[in-house]
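A.B. asks: Residue 364 in the numbering used here is what sits at position 364 of the sequence shown, and the numbering runs on without skipping anything. Every residue gets a Cβ at the ideal spot worked out from N, C-alpha and C, and that includes glycine. Bear in mind the structure is a predicted one, so any value in this text is a computation, not a measurement. One structure coming up, written as structure tokens, with questions to follow.
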Amino acid sequence: MRKYLSFSLASLLFLVSGCATLDGILDRQANTESFMSELEERTAMALKEDTPLDLDRCIAIALENNLDIKAADLNARLAKLNRRIAFANFLPEVTLQYTSTELNKAPASSMIAGLSTTVQDRIVRETAVQAQMPIFAPATWFLFAAHKRGEEIGAIAADYTRQMIALQVTGLYFQCLATQESQRTLEAQRAAAAALVSEVEAYHGEGMVTDADLAQVRLLLLARENALESNARARERNLADLLTAMGIEPTAEPSLEASHPLKAPAGELEDWILEALMNNPRLAIADRQVAIEREKVRIAIADFLPMLAGFAGRSHTSNSFMTYPYATAFGFTGLMTIFNGFANINEYRAARVEEEQAFLSREQESLAMMLEVVRAHSNLADARSILRLADAAVEAEKLMLKERTSKMREGLLRPSEMLDTVAKHDAAEVNAANARYQEQVMAAIARNVLGASYLAKKDEDHE
Numbered sequence: 001m002r003k004y005l006s007f008s009l010a011s012l013l014f015l016v017s018g019c020a021t022l023d024g025i026l027d028r029q030a031n032t033e034s035f036m037s038e039l040e041e042r043t044a045m046a047l048k049e050d051t052p053l054d055l056d057r058c059i060a061i062a063l064e065n066n067l068d069i070k071a072a073d074l075n076a077r078l079a080k081l082n083r084r085i086a087f088a089n090f091l092p093e094v095t096l097q098y099t100s101t102e103l104n105k106a107p108a109s110s111m112i113a114g115l116s117t118t119v120q121d122r123i124v125r126e127t128a129v130q131a132q133m134p135i136f137a138p139a140t141w142f143l144f145a146a147h148k149r150g151e152e153i154g155a156i157a158a159d160y161t162r163q164m165i166a167l168q169v170t171g172l173y174f175q176c177l178a179t180q181e182s183q184r185t186l187e188a189q190r191a192a193a194a195a196l197v198s199e200v201e202a203y204h205g206e207g208m209v210t211d212a213d214l215a216q217v218r219l220l221l222l223a224r225e226n227a228l229e230s231n232a233r234a235r236e237r238n239l240a241d242l243l244t245a246m247g248i249e250p251t252a253e254p255s256l257e258a259s260h261p262l263k264a265p266a267g268e269l270e271d272w273i274l275e276a277l278m279n280n281p282r283l284a285i286a287d288r289q290v291a292i293e294r295e296k297v298r299i300a301i302a303d304f305l306p307m308l309a310g311f312a313g314r315s316h317t318s319n320s321f322m323t324y325p326y327a328t329a330f331g332f333t334g335l336m337t338i339f340n341g342f343a344n345i346n347e348y349r350a351a352r353v354e355e356e357q358a359f360l361s362r363e364q365e366s367l368a369m370m371l372e373v374v375r376a377h378s379n380l381a382d383a384r385s386i387l388r389l390a391d392a393a394v395e396a397e398k399l400m401l402k403e404r405t406s407k408m409r410e411g412l413l414r415p416s417e418m419l420d421t422v423a424k425h426d427a428a429e430v431n432a433a434n435a436r437y438q439e440q441v442m443a444a445i446a447r448n449v450l451g452a453s454y455l456a457k458k459d460e461d462h463e
């Protein structure tokens with residue numbers, strides 16, 4: 001009784017507080033402070049190890065903190081709860097009823113000559129317990145099966161969300177590394193341009209170059225300074241995108257460590273297509289959508305059948321005028337609809353059409369998946385070709401750098417020409433690094449299409 005009163009009081013306070021006026025500014029301020037505090041704590045926990053972040057660690061942090069993953073897990077839990085709700089239809093329904101009636105006078109029946117006789121006690125208490133159990137309700141089974149498929153879709157969708165977040169983190173990680181590599185090259189090119197400006201200014205003082213030539217080299221220096229600053233801003237944006245995908249503060253400044261852990265899938269194009277059709281989560285979801293529509297067809301058929309249920313009840317009255325104060329009842333009930341405007345027939349036809357749509361959608365998804373595999377295979381081949389070309393360019397620039405270094409030591413090459421050669425060598429190395437990063441991204445996309453994209457241990461618990 002005490003627990004019931006406590007619960008009632010808490011409910012009353014909750015309802016009363018819900019009628020209060022909302023102060024939007026104070027509420028937003030409190031929410032902002034709480035969010036910022038939680039975000040800072042989450043970021044500190046994720047970056048507590050004072051070591052550069054490699055790809056594996058970035059993905060692990062994202063799988064733990066990304067909000068889209070948490071939302072997908074909540075949807076999976078809701079699907080599980082809906083399945084449990086559907087299972088409740090198999091359980092007996094038990095109701096308990098209690099009434100107490102108190103009259104100012106005991107009811108009486110009038111007789112001859114003003115006489116009367118009491119027919120009921122002044123205070124009467126009635127109690128009743130009733131139970132009903134479905135015996136034959138086919139639609140209940142099919143509804144439960146549909147919710148079971150929905151639970152499976154929720155779990156698959158949560159895992160697929162993890163795969164897509166891991167792919168997003170992979171792309172952003174290599175973008176950050178690319179801008180990081182470009183920064184070094186742009187700095188070398190700026191230094192070469194500054195040295196060239198110094199030389200041209202010296203020649204201009206001796207009257208060997210025109211004002212237009214001097215303006216051109218100064219414009220070149222300004223352009224390379226702008227490129228350097230633009231690249232720095234691009235790196236800041238890419239890092240913010242990466243940290244946001246990881247679910248931590250986008251203004252943090254962790255250092256990144258270059259790593260190349262991804263290996264492209266083995267086998268020929270036909271092997272890739274078969275593996276994608278067997279393992280990609282999108283097709284697994286489509287399979288269960290077809291199964292759900294099939295259960296809906298069965299439910300529509302079941303609407304033509306009667307539903308039977310058994311019931312039992314036990315009642316008691318405190319009325320002393322009753323000869324039998326206790327009463328027990330047993331029985332069966334049946335329910336059947338008789339084509340209310342042929343609604344059942346049309347619902348069945350609609351369910352069959354929706355089932356055909358689900359089959360068609362699965363075929364469309366399969367064809368789209370095959371096309372994605374072909375594109376991923378082609379893009380990976382292109383990335384490998386570009387990487388081979390970039391590596392060859394690096395080797396050529398290395399030979400050129402070695403040759404011009406010898407000429408500079410012999411006094412046959414000006415410093416600005418040497419700096420330009422160094423800048424070209426650095427640019428070739430950056431292009432090779434970017435090509436290697438792009439090859440890794442294409443490998444990650446291929447793994448994603450085939451249904452296996454992230455390296456970290458999968459979180460199988462979606463409770």
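Return the bridge partner residues of F144 from the DSSP annotation.
C.D. replies: Answer by DSSP bridge pairing: none, since F144 is not bridged.
A.B. asks: Can you give me the C-alpha to C-alpha distance between V92 and T244, rounded to a whole angstrom?
C.D. replies: For the record, residue 92 in the displayed sequence is Pro; it is not Val. Cα to Cα, P92 sits roughly 49 angstroms from T244.
A.B. asks: On the DSSP letters alone, give me the boundaries of the alpha helix (DSSP H) that A44 sits inside.
C.D. replies: Run containing A44: 24–46, per the alpha helix (DSSP H) assignment.
A.B. asks: Going by alpha carbons, who is nearest to I135 out of Y173, G150, F90?
C.D. replies: Minimum Cα distance to I135 is reached at F90.
A.B. asks: Pick from L81, T170, G207, A137: whose alpha carbon is nearest that of E152?
C.D. replies: Of L81, T170, G207, A137, the residue nearest in Cα terms is L81.
A.B. asks: Nearest to T99 by alpha carbon, out of I123, R83, K105?
C.D. replies: Looking at the Cα atoms, I123 is the closest of the given residues.
A.B. asks: Would you say L186 and L221 are within 9 angstroms of each other, going by their C-beta atoms?
C.D. replies: No. Outside cutoff.
A.B. asks: Which same chain residues, not among the five before or five after L183, have their C-beta less than 7 angstroms away from its C-beta?
C.D. replies: The sequence as given places Gln at residue 183; Leu does not occur at that position. Excluding positions up to five away in sequence, the list reads N231, A232, R235.
A.B. asks: Please state the DSSP three-state secondary structure of L367.
C.D. replies: L367: helix per DSSP, three-state reduction.
A.B. asks: Rounded to whole angstroms, what is the Cα-Cα separation between A350 and A376?
C.D. replies: Those two C-alpha atoms are separated by around 38 angstroms.
A.B. asks: From the beta carbon of T210, is the nearest beta carbon of chain B less than 9 angstroms away?
C.D. replies: The structure shown contains no chain B; it is built from a single protein chain.
A.B. asks: On the three-state DSSP scale, how would you describe T337?
C.D. replies: DSSP places T337 in coil when its eight states are reduced to three.
A.B. asks: Give the straight-line distance between the Cα atoms of V270 and E410, rounded to the nearest whole angstrom.
C.D. replies: The sequence given here has Glu at residue 270, not Val. Rounded to whole angstroms, E270 to E410 spans 59 angstroms at the Cα level.
A.B. asks: Give me the residue from L387, E126, A381 with the minimum Cα distance to Q97.
C.D. replies: Residue E126 is the option with its Cα nearest to Q97.
A.B. asks: Mind pulling the alpha helix (DSSP H) runs of 4 or more residues that sit fully within the segment 183–216?
C.D. replies: Those alpha helix (DSSP H) runs which fall completely within the segment 183–216 and span 4+ residues do not exist here.
A.B. asks: Between which two residues does the beta strand (DSSP E) harbouring A131 extend?
C.D. replies: Note, A131: beta strand (DSSP E), 123–136.
A.B. asks: Among N31, M246, A446, I61, which one has its Cα closest to the Cα of E276?
C.D. replies: First, the residue type needs correcting, since residue 276 is Ala and not Glu in the sequence shown. Taking only the C-alpha atoms, the option nearest A276 is A446.
A.B. asks: At the level of alpha carbons, what is the spacing between L39 and G247?
C.D. replies: Each residue's alpha carbon lies about 8 angstroms from the other.
A.B. asks: Three or more C-beta pairs closer than 8 angstroms, one from the segment 347–361 and one from the segment 390–410: is that the case here?
C.D. replies: Cβ pair count under 8 angstroms is below three, so no.
A.B. asks: Exposed or buried, what is F35 when buried is set at 16 or more other beta-carbons lying within 10 Å of its beta-carbon?
C.D. replies: It counts as exposed.
A.B. asks: Taking the alpha carbon of A72 as the point to measure from, which residue in H147, Q163, M336, P138 has its own alpha carbon closest?
C.D. replies: For A72, the nearest C-alpha among the options comes from Q163.
A.B. asks: So is P254 buried or exposed if we call it buried at 16+ other beta carbons inside 10 Å?
C.D. replies: The residue is buried, with at least 16 neighbouring Cβ atoms inside 10 Å.
A.B. asks: Can you tell me whether N238 is helix, strand or coil according to DSSP?
C.D. replies: Three-state DSSP puts N238 in a helix.
A.B. asks: Under the rule that 16 or more other beta-carbon atoms within 10 Å means buried, what is E268, buried or exposed?
C.D. replies: Answer is exposed; the Cβ neighbour count stays below 16.
A.B. asks: Cα separation between A158 and A286?
C.D. replies: In a straight line, the C-alpha of A158 is about 15 angstroms away from that of A286.
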